[in-house]
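Participant:
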Amino acid sequence: MRAIFAARDRANMQPTIDAFLDVLSEHPDEPEVLYEVGGAYDTDGQEKTAAEYYERALAGVLEPETLRKCYLQYGSTLRNLGRIDESIAIFSVARTAYPNSVSLGVFEVLTLHAQGKRDAALASALTLLVDHVETDEVKRYETSIRANAHYLRNLEE
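At position 36 of the sequence shown (counting the first as 1) the number is 37 in my numbering, and the numbers step up by one without a gap.
In structure tokens form, the structure reads like this:
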């Protein structure tokens with residue numbers, strides 16, 4: 002699969018899709034391959050097709066890092082398809098499984114924003130910031146930032 006990635010051209014994903022489909026034909030129920038096929042379709046802008054492959058991949062057993070990426074890409078794809086509540090549900094599961102994943106947190110923020118929960122989105126972004134950005138300035142104002150995040154989160158309830 003490394004050779005497929007090495008040859009990938011994001012401006013023309015069809016050869017990559019075809020290559021992954023060839024691998025999938027040899028390993029039709031392999032979750033890792035299903036995830037990669039979904040990712041190729043996703044990169045090509047074929048999100049509805051990508052979602053179907055992500056769903057099939059998630060029905061199997063993925064390696065932890067692949068599972069984290071699949072949750073992220075599937076949740077983002079659901080958001081792009083307008084399936085916001087499903088996206089929120091995926092990010093809820095994903096953030097429970099991977100609470101320290103900044104990328105999952107960022108894409109969850111985008112979904113909260115798309116859902117119209119602007120205050121919750123900003124609260125989550127502020128929490129990500131204080132949890133993962135280690136600078137003297139952030140540390141100095143951490144209590145205030147967390148208090149503001151708490152306040153904003155409570156506005157949504």
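Where is the CB? At the ideal position from N, CA and C, for every residue including glycine.
Closest to P29 by C-alpha separation, out of Q15, T78, Y54, would be which residue?
Facilitator: Translated into the one-based positions of the sequence shown, residue 29 becomes position 28. With distances taken between Cα atoms, P29 lies closest to Y54.
Participant: Whole angstroms are fine: how far does the CA of R84 sit from the CA of I18?
Facilitator: Residue 18 sits at position 17 when you count from the first residue of the sequence shown. Residue 84 sits at position 83 when you count from the first residue of the sequence shown. Roughly 24 angstroms separates the two Cα atoms.
Participant: Evaluate S145 with the Cβ neighbour count: other Cβ atoms within 10 Å of its Cβ, from every protein chain shown; 16 or more gives buried, anything less gives exposed.
Facilitator: Counting from 1 along the sequence shown, the entry for residue 145 is found at position 144. Counting Cβ neighbours within 10 Å, S145 comes out exposed, since fewer than 16 surround it.
Participant: Could you have a look at P112 and say whether DSSP puts it in helix, strand or coil?
Facilitator: Position 111 of the sequence shown, counted from the start, is the residue given in the question as residue 112. It is Thr, not Pro, that sits at residue 112 in the sequence shown. T112: helix per DSSP, three-state reduction.
Participant: Quick one: residues in its chain with C-beta nearer than 7 angstroms to the C-beta of L111, no 5 flanking neighbours on either side, listed in chain order?
Facilitator: Stepping through the sequence shown from its first residue, residue 111 is reached at position 110. Contacts found: R80.
Participant: How would you call F92, buried or exposed, if buried means at least 16 neighbouring beta carbons within 10 angstroms?
Facilitator: Residue mapping note: residue 92 aligns to position 91 of the sequence shown, counting from 1. Buried: at least 16 other Cβ atoms inside 10 Å.
Participant: Does the distance from the C-beta atom of A41 to that of M2 stay below 7 angstroms?
Facilitator: Taking the sequence shown and counting its residues from 1, one reaches residue 41 at position 40. Taking the sequence shown and counting its residues from 1, one reaches residue 2 at position 1. Cβ atoms of A41 and M2: not closer than 7 angstroms.
Participant: Determine the contact status of E157 and A121, defining contact as a CB-CB distance below 7 angstroms.
Facilitator: Your numbering for residue 157 matches position 156 in the sequence shown. Your numbering for residue 121 matches position 120 in the sequence shown. Against a cut-off of 7 angstroms, the Cβ pair of A121 and E157 comes out as a contact.
Participant: Tell me whether the beta-carbon of C71 lies closer than 7 angstroms to the beta-carbon of Y99.
Facilitator: Position 70 of the sequence shown holds residue 71. Position 98 of the sequence shown holds residue 99. For C71 and Y99, no; Cβs fall outside 7 angstroms.
Participant: Run the CB neighbour count on E48, radius 10 Å, all protein chains shown included, and call it buried at 16 or more, exposed below.
Facilitator: Taking the first residue of the sequence shown as position 1, residue 48 is located at position 47. Flag for E48 reads buried.
Participant: Which value, in whole angstroms, describes the spacing of the CA atoms of Y142 and L68?
Facilitator: Within the sequence shown, the letter at position 141 stands for residue 142. Within the sequence shown, the letter at position 67 stands for residue 68. Each residue's alpha carbon lies about 34 angstroms from the other.
Participant: By the three-class DSSP mapping on this structure, what secondary structure does L74 have?
Facilitator: Residue numbering aside, residue 74 sits at position 73 when the sequence shown is read from its first letter. Before going further, note that residue 74 is Gln rather than Leu in the sequence given. Three-state result, Q74: helix.
Participant: Quick one: Cα of S26 to Cα of F6, how far?
Facilitator: On the sequence shown, position 25 is the one that residue 26 refers to. On the sequence shown, position 5 is the one that residue 6 refers to. About 18 angstroms.
Participant: Taking only runs of the alpha helix (DSSP H) that begin and end inside the stretch 31 to 99, which ones reach a length of at least 4 residues, in chain order?
Facilitator: Segments of the alpha helix (DSSP H) lying fully in the stretch 31 to 99: 32 to 44, 48 to 59, 65 to 81, 85 to 98.
Participant: Look up V103 in the DSSP assignment and say whether it is helix, strand or coil.
Facilitator: On the sequence shown, position 102 is the one that residue 103 refers to. Reduced to three states, the DSSP call for V103 is helix.
Participant: Using three-state DSSP, classify K140 as helix, strand or coil.
Facilitator: Reading the sequence shown from its first residue, position 139 is the one you call residue 140. Here K140 sits in helix by DSSP.
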